[in-house]
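Q:
There are 2 protein chains.
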Amino acid sequence: MQYQNLNKAASFIKIAGYAEKQEFNFKDKLDADRVKKCIVPMAAGLNYSWAAKSVDDQCLKLLQELADEQELINKYKSLLNGDMINTGEKRKVLHHLSRGELGQPVMEDGKNIGDFYKKELERFCNFANEVHNGKYKGSTGKTFTTVIQIGIGGSDLGPRAMYMALENWALAEGKKKLNAKFISNVDPDDASQVIAESKLDESLFILVSKSGTTQETLANELFVKDKLVKAGLDTSKHMVAVTSETSPLARNSAYLDSFYIDDYIGGRFSSTSAVGGCVLSLAFGADVFKEFLKGASEADKLALENDVLKNAALLDALIGVWERNFLDFPYTAVLPYSQALSRFPAHLQQMDMESNGKRVNRNGEPVDYSTGPVIFGEPGTNGQHSFFQLLHQSTEIIPLQFIGFIESQKNDDVTVDGSISQTKLNANLAAQIVAFAKGQDSDDKNKEFPGCRPSSLIYGKKLTPSALGSLLAHFENKVMFQGFIWNLNSFDQEGVQLGKVLTKKVLSGNFGDDALEAYSKILGV
Amino acid sequence: MQYQNLNKAASFIKIAGYAEKQEFNFKDKLDADRVKKCIVPMAAGLNYSWAAKSVDDQCLKLLQELADEQELINKYKSLLNGDMINTGEKRKVLHHLSRGELGQPVMEDGKNIGDFYKKELERFCNFANEVHNGKYKGSTGKTFTTVIQIGIGGSDLGPRAMYMALENWALAEGKKKLNAKFISNVDPDDASQVIAESKLDESLFILVSKSGTTQETLANELFVKDKLVKAGLDTSKHMVAVTSETSPLARNSAYLDSFYIDDYIGGRFSSTSAVGGCVLSLAFGADVFKEFLKGASEADKLALENDVLKNAALLDALIGVWERNFLDFPYTAVLPYSQALSRFPAHLQQMDMESNGKRVNRNGEPVDYSTGPVIFGEPGTNGQHSFFQLLHQSTEIIPLQFIGFIESQKNDDVTVDGSISQTKLNANLAAQIVAFAKGQDSDDKNKEFPGCRPSSLIYGKKLTPSALGSLLAHFENKVMFQGFIWNLNSFDQEGVQLGKVLTKKVLSGNFGDDALEAYSKILGV
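Take a look at the structure:
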């Protein structure tokens, strides 16, 4: 299997040549036939629609060539089989294994890692059941009504976004077991507010840190413990840990129990591991979390398809590279028309930007082409009343990723002016796609819309646990494929280290740099 | 006074020439002296630090020339005096007047508009006092404990961000009067969730729509009224309106009272009007809202300074244009190291992108230079564990806007490893600025940080109401000055219209476009 930089690929040269003379105007080509034709089925009943992308048959053919030449599916298989894909940290990359085994059994030191993940899954699912059944209670005998996750980055964004995505669904289905809250920031006002709004005697805390050394998380742990002690509670009865087996938090009597992950699941890909699973099982029940895993696993399986028209993650990745490297768009907006997905863009922002915001290839050699885009977004229709002005009418083109569902989660709706709100929501979504694509001429240039703003749409019947798993895995796999195309290591994050080193210098008082000292001084440090 | 496109300015040509040969390396120049020197005082005790910007004395001199040549201060004065600055909609632009009179009295049809704003301010402040004093109660006699704003875009983002910014401060100061919640999205799951989590008999709703015709807001009004009626409550005792005097919501017996704004205050600039004032006065008391106005008004006054070294909003605007048009950076990240400001970036995203995301000048003629950047951001330290990887190490440079405060709002903190959390927060902030600016060499290119990532820092003692007013007005004025520099009309938003038109077509069933019909069909409309 060959790993090579994108611009070393023969197909790259071909695509660049094509891009130079490409005149495919999807603005004029976007009709009902194209909408019906350009759909790739995804897992759990979702679909990926790329009709409003600036991609014609010839472009698609060239993108397939690129996928084949860069051996994207073989690289994915190699990852599934446990090869050392994280070249920077010399680690396997196994988040797929947290939801199903698609490759060969992954063994290490005689241990089957898939079995380890399965065992932990059963352990935290059982723990959640026992909390729901009342075996575990707070130290004053109160039933737990709230679970509060303490974690930052991947231990926060994914689990929080997934919880918010399913809360209304669970309420409607009678599946909501516990409220979940999250403490992440080292800003003490964050923890203070969450604590002030919670009944501590009914709260169970999940401390999440793979290394067991995350500065923010340890500071917040002690913040919380201080409050628990002051409330006369036994901290060890109110806290579990999610960590690695070698961390100081493991097998520690300070916690009710500990659940384990390992270095082969990166924070931003850990929503399907104990990092997301513990809080989601407690909030919604183990059966709901397993449905979520099923959707993700099904998506992982579809991502093995060689044919870009059968593999939505692969096609999405390739179109993203087409837009990034050949059309030179440096950003992508993620626009879910679903309030439940209001923090999903923030999770994608981490997943994508931390994975592919790199300037060296997997061997540590600088690359001379663009890599991952800036990701941002807010839910629709809110975004329409905010930054859509720029998307429609600025001097720049920003590719768009829409997400929508036919049904709302709660089906609690009213008819106003002849339609329910859910219908209005989706009417807006359809209207925006077409408005961005086709624009509008006008003699008054201030009212003219140039159009040709490309978008894709992921849609399905309803945002259920399995649909959410499918959606999450789609983007995880898209980001993975893009990393392979760009020849990056998408699974380390050396860019976070320098800040940590300098922070330690500030806190130790050995600044070693007079500007650092001056900034610290004006900030009262 | 001359309005001209940016690239017609003589100083533009000079700056472009300078940019081509500019070799100012702030990476090597950033020392304690520069940090101490490059500070511009702002209102309410805040400061604007631009030491880590790629701007030397010569650049600064040229930017001052540009400010003078484009007559930025005169244009601001013209706006304050009530001239028709919103050329697209042929309207005055008067949000400054909602917090103080800095120009001549603005008269229209014999009416003093400043007096009108003042009168409404006193009316909603009195109303808030009367709610707090118990004169108004719910229809079953319950004291109001929660205020719920129904609005979208500018009627949501600014007020919500301001509320979140002051909630912890108010709790610490004993100023918190009512909880505030917000319903914005037409997605029925949004309103349904807020309602499910609220005690309706103790809730007062504020319906905010200037035109009184906003689709989402009217749908949510009826959604809420339906719930109130089902709960046996009198809707007219639980709802006030904030609207224009000519809207269907004005002087309507369906509401307990109505408070007025007019067409001269755009939604995204309306936080200091009744749109923000009603909910903020109810939540925190009228005195707190007036402190907030004072900070904003003081900032507006400072923005009249001609000298860029005495006018932070002007300098910030000019540096932004330097980065956008001469260094070609298409985005800016807003990074408040303050959990209280967690939704402030979302508000700036609207304020900036909806104002200056334009491709025609104030006369409706297409411009041939870049205009407003994409704005995105999350609070630190959270962002460090998310997208900072890309900011530090990607192939692109993204200008950064940091915000920080010496003290936390609640002063509820613990010492861990020798420092409190607030100290850790600011140590991280100082460390990031220097890490971005100076980078780090390494033989391992994967661990190399190129540096030269420019940032500015707004900092102050504590995020109080007046500091928040100062911060908000700073960005409003920055956006205004940038609009003047680019010769745009920053105060209309024609880009939102086409989507509205097509949505109506979908809802009426007269699609007029088969792609629009096909998209509607797959979305179940």
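Chains S and B, in that order, give the protein sequences. Numbered according to our numbering, the first sequence spans residues 1 to 525. Numbered according to our numbering, the second sequence spans residues 526 to 1050. The C-beta atom is built at its ideal place from N, Cα and C for all residues, glycine as well. As the structure is a prediction and not an experimental result, all values here were calculated from the model.
#1: Put GLY792 of chain B into one of helix, strand or coil per three-state DSSP.
#2: Against ILE73 of chain S, what residues of chain B qualify as contacts under a CB-to-CB distance less than 9 Å, listed in chain order?
#3: Give the secondary structure of GLU517 of chain S by DSSP, where H, G and I count as helix, E and B as strand, and everything else as coil.
#4: Spell out a yes or no on whether the region 299 to 307 of chain S and the region 99 to 114 of chain S are touching, meaning 3 or more CB-CB pairs, one atom from each, closer than 8 Å.
#5: Check PRO566 of chain B in the structure and name its three-state DSSP category.
#6: Between which two residues does the beta strand (DSSP E) holding ILE13 of chain S run?
#7: For the region 996 to 1030 of chain B, which residues have a CB atom closer than 9 Å to at least one CB atom of chain S, in sequence order?
#8: Does the separation of the CB atoms of TYR856 of chain B and ILE790 of chain B fall below 8 Å?
#9: Which chain B residues sit within Cβ distance under 7 Å of GLU378 of chain S?
#10: Give, in chain order, every unbroken run of the beta strand (DSSP E) that is at least 3 residues long and sits entirely within the region 310 to 374 of chain S.
#11: If you reduce the DSSP assignment to three classes, tell me which class ILE958 of chain B lands in.
#12: Closer than 9 Å between beta carbons: that is the criterion. Which residues of the region 822 to 856 of chain B meet it against chain S?
#13: Name the chain S residues whose beta carbon is nearer than 7 Å to that of ARG884 of chain B?
#14: 8 Å is my cut-off, CB to CB: does ILE458 of chain S come that close to chain B?
#15: Starting from THR371 of chain S, find everything on chain B with Cβ-Cβ shorter than 9 Å and list it in chain order.
#16: Flag LYS181 of chain S as yes if its beta-carbon sits less than 8 Å from any beta-carbon of chain B, otherwise no.
#17: Under three-state DSSP, which class holds HIS136 of chain S?
#18: Can you pull the DSSP bridge partners for THR146 of chain S?
#19: For HIS96 of chain S, which residues in chain B fall below 9 Å Cβ to Cβ?
#20: Just how far apart, CA to CA, sit LYS602 of chain B and LYS643 of chain B?
#21: Jot down the residue ranges of each uninterrupted beta strand (DSSP E) in the region 958 to 994 of chain B, minimum 3 residues, whole runs only, in chain order.
#22: At what residues does the beta strand (DSSP E) containing GLN1022 of chain B begin and finish?
#23: Is there a Cβ from chain B that is less than 8 Å from the Cβ of ALA435 of chain S?
#24: So GLY154 of chain S is in the beta strand (DSSP E); what residue range does that whole segment cover?
#25: Judging by CA-CA distance, which residue of S:PHE284, S:PHE223, S:LYS90 and S:SER253 is the nearest neighbour of LEU166 of chain S?
#26: For LYS225 of chain S, which of S:ILE195, S:GLU305, S:ALA250 and S:VAL106 has the nearest alpha-carbon?
#27: Do we get a CB-CB distance below 8 Å when we pair GLY613 of chain B with the residues of chain S?
#28: Who are the Cβ neighbours of SER455 of chain S in its own chain at under 6 Å, not counting the five residues just before and after it?
#29: Is LEU604 of chain B closer than 8 Å to ILE598 of chain B when the C-beta atoms are compared?
#30: Determine, using beta carbons only, whether ALA196 of chain S comes closer than 8 Å to chain B.
#31: Which residue from B:ALA534, B:ILE945, B:ASP681 and B:VAL565 puts its Cα closest to that of VAL800 of chain B?
#32: Below 8 Å between beta carbons is the criterion; list the residues of the region 652 to 664 of chain B that meet it against any residue of chain S, in chain order.
#33: Do the region 1032 to 1044 of chain B and the region 868 to 886 of chain B touch if we need at least three Cβ pairs shorter than 8 Å?
#34: Give the range of the alpha helix (DSSP H) segment to which GLY295 of chain S is assigned.
#35: For ASP937 of chain B, tell me which candidate among S:ASP190, S:ALA250 and S:LYS137 has the shortest Cα-Cα distance.
#36: Name the chain B residues whose beta carbon is nearer than 9 Å to that of GLN215 of chain S?
A: Walking through what the data contain:
#1: helix
#2: Near ILE73 of chain S there are no residues of chain B at all, since even the closest Cβ is about 26 Å away, more than 9 Å.
#3: helix
#4: yes
#5: strand
#6: Element bounds for ILE13 of chain S: not the beta strand (DSSP E) but the alpha helix (DSSP H), 10 to 21.
#7: ASN1014, ASP1017, GLN1018, GLU1019, GLY1020, VAL1021, GLN1022, LEU1023, GLY1024, LYS1025, VAL1026, LEU1027, THR1028, LYS1029 and LYS1030
#8: no
#9: ALA871
#10: 331 to 337
#11: helix
#12: PRO855 and TYR856
#13: GLN393, SER394 and THR395
#14: no
#15: LEU915, SER919, THR920 and GLU921
#16: no
#17: The residue asked about is misnamed: residue 136 of chain S is Tyr in this sequence, not His. TYR136 of chain S: coil per DSSP, three-state reduction.
#18: S:ASN179 and S:SER203
#19: Neighbours of HIS96 of chain S on chain B: none; closest Cβ ~22 Å, over 9 Å.
#20: 20 Å
#21: 980 to 985
#22: No beta strand (DSSP E) holds GLN1022 of chain B; the alpha helix (DSSP H) holding it covers 1022 to 1033.
#23: yes
#24: Segment: none, GLY154 of chain S is in no beta strand (DSSP E) and carries neither H nor E.
#25: S:PHE284
#26: S:ILE195
#27: yes
#28: ALA52, LEU400, PHE402, ILE433 and PHE436
#29: no
#30: yes
#31: B:ASP681
#32: none
#33: no
#34: 286 to 302
#35: S:ASP190
#36: THR906, VAL941, ASP942, LYS949 and ASN953
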